[in-house]
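Undergrad:
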Amino acid sequence: MVDTRKVGVLGGGQLGRMLIAAANNLNIQVNVLDAANSPAKQVSAHDGHIEGSFKDAAAVKKLAQSCDVVTVEIEHVDTHMLEEVAGQVSVEPSWKTLRTIKDKYAQKLYLKEHGVAVAESVDLEGKGVEGLKDVGRTFGYPYMLKSKTEAYDGRGNFVVKSEESVEEAFEVLGKRPLYAEKWAEFRMELAVMVVKTKDGVLTFPTVETVHEDSICKLTYAPPRNVNKKTAQRAQELAKKAIEPFEGKGVFGVEMFLLKDNSLLINEIAPRPHNSGHYTIEACERSQYEAHLCAILDLPIDQSELGLIRPSIMLNILGGQDTDSHRKIAEKAFALRIGAKVHLYGKGDARPGRKMGHVTITKRTLAEAEVKIQPLVDFVDQMKG
Ligand code: ATP
Ligand code: MG
Ligand code: MG
């Protein structure tokens, strides 16, 4: 039966909220472990939620005991308790996968070991300011300094532009476990949502992602000015990158399309992902439905994941003003462009925080681009 098993999810942010929106249609109960009134809990009225932190072992255990399958909407979770409960409840994807991926440097090494092309990286833990200068001498400038852990939305990245900016970089990130990546001179960024089921590996279409200050701003499906062959290569690379990771569910694969047309993996997320939001409106099955199908062994087929209509997704990020996201949402309606507005219920905005997103689907990507441009301009204005 579809709706008899309970799903437990670590994390109750916007991804959990959209996962629940999909689960609600199927009458599947999702128990969320996060703070009270988190975005996911707001759209799910039952008494199975757990209040606490997804980093807290006791709370993770309690969640596991309340459901049939445990999954995540964030990778920064306590994987040791997941390892312990894995005998009693399904954990999807595997705690091993989560443990490797949550450390971006360990993830890079693992991918490299499995023959997947990633940006060249150097471990900087315990190396101090001198270590950062050494990297500059080997990689040249700019290079990307990254925190191995607890990184999301660019909070954990610092572009080291020259030897003069090393001190500042260390001041900002020096207390975190660090590694450095060689600068990827990309022509654009691409992403593929991969679905791992009990039967095999499926993919959603290749999309283009545009990041500003290390935060995703826009996605284009299909990507602009990318030929079919390159989009296909991205699909193959995404499958290859996910292949060595154990467990079922949706994975977000971010990659760089370099100027010489080669592809490099940027990073992998073991869960639904910002670059897959467009699937809600643009594909027959959304990434959230696909995730549920994968972890609950419901049938799902490659033929259900294609693009129905070209689409553009625009993130609504918090601006200077605590109300900026509401103004953007109102503008999206005022423009009468048929854009679907999603707000995440996070209360007041903070600069750079993901507060919602907008998806526009049209007959052609060119039409979608023209229609959404005034909203992109408005978003840029709000950012100040
Ligand atoms: P997410 O929210 O996707 O988890 P994150 O905080 O883990 O993001 P990354 O994905 O590592 O951050 O980097 C964010 C963005 O910074 C990338 O999408 C890209 O635009 C830029 N970036 C990251 N690494 C490099 C690199 N080696 N060279 C050039 N640009 C990079
Ligand atoms: Mg990341
Ligand atoms: Mg990323």
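If you use our numbering, the sequence shown corresponds to residues 116 to 499, in order.
All C-beta atoms, glycine included, are put in the ideal place defined by N, C-alpha and C.
Quick one: using the 10 Å Cβ neighbour count with 16 as the cut-off for buried, is residue 144 buried or exposed?
TA: Answer is buried; the Cβ neighbour count reaches 16.
Undergrad: Where residue 458 and residue 237 are concerned, what is the direct C-alpha to C-alpha distance, given to the nearest angstrom?
TA: Spanning the two alpha carbons is a distance of roughly 39 Å.
Undergrad: Kindly provide the chain-ordered list of residues whose Cβ lies closer than 7 Å to any non-hydrogen atom of ligand 2.
TA: With the cut-off at 7 Å, the residues found are 219, 266, 267, 382 and 384.
Undergrad: Just the C-alpha distance for residue 330 and residue 160, rounded to the nearest angstrom, thanks.
TA: Residue 330 and residue 160: Cα-Cα distance of roughly 32 Å.
Undergrad: Taking all protein chains shown into account, decide if residue 435 is buried (16 or more other Cβ within 10 angstroms of its Cβ) or exposed.
TA: Looking at its Cβ environment, which holds fewer than 16 other Cβ atoms inside 10 Å, residue 435 is exposed.
Undergrad: Going by alpha carbons, who is nearest to residue 353 out of 433, 334, 381 and 469?
TA: Of the candidates 433, 334, 381 and 469, the one whose C-alpha sits nearest the C-alpha of residue 353 is 381.
Undergrad: For residue 179 and residue 133, I'd like the C-alpha separation in whole angstroms.
TA: Whole-angstrom Cα-Cα distance: 21 Å.
Undergrad: Using CA atoms only, rank isn't needed, just tell me which of 298, 152, 231 and 227 is closest to residue 261.
TA: Of 298, 152, 231 and 227, the residue nearest in Cα terms is 298.
Undergrad: Pairing CB atoms from the stretch 317-329 with CB atoms from the stretch 338-355, are three or more of them under 8 Å?
TA: Yes, they touch.
Undergrad: Using 10 angstroms around the beta-carbon of residue 348, count the other beta-carbons present and answer buried if the total reaches 16, otherwise exposed.
TA: Its Cβ being crowded by 16 or more others within 10 Å, residue 348 is buried.
Undergrad: In angstroms, rounded to a whole number, what distance separates the CA positions of residue 406 and residue 420?
TA: So the alpha carbons of these two residues sit roughly 12 Å apart.
Undergrad: Please check the pair residue 489 and residue 429, which I expect to be a contact at CB under 8 Å, by giving their CB distance rounded to whole angstroms.
TA: 11 Å between Cβ atoms; not a contact.
Undergrad: Using a beta-carbon distance below 9 Å, is residue 226 in contact with chain B?
TA: Included in the structure is just one protein chain, with no chain B present.
Undergrad: Would the stretch 263-282 and the stretch 332-351 be scored as touching if the rule is three or more Cβ pairs under 8 Å?
TA: No, the stretch 263-282 does not touch the stretch 332-351.
Undergrad: So residue 460 packs on residue 154, CB below 8 Å; how close in whole Å?
TA: Contact holds; Cβ gap of about 5 Å.
Undergrad: Tell me the DSSP secondary structure of residue 123 in three-state form.
TA: Here residue 123 sits in strand by DSSP.
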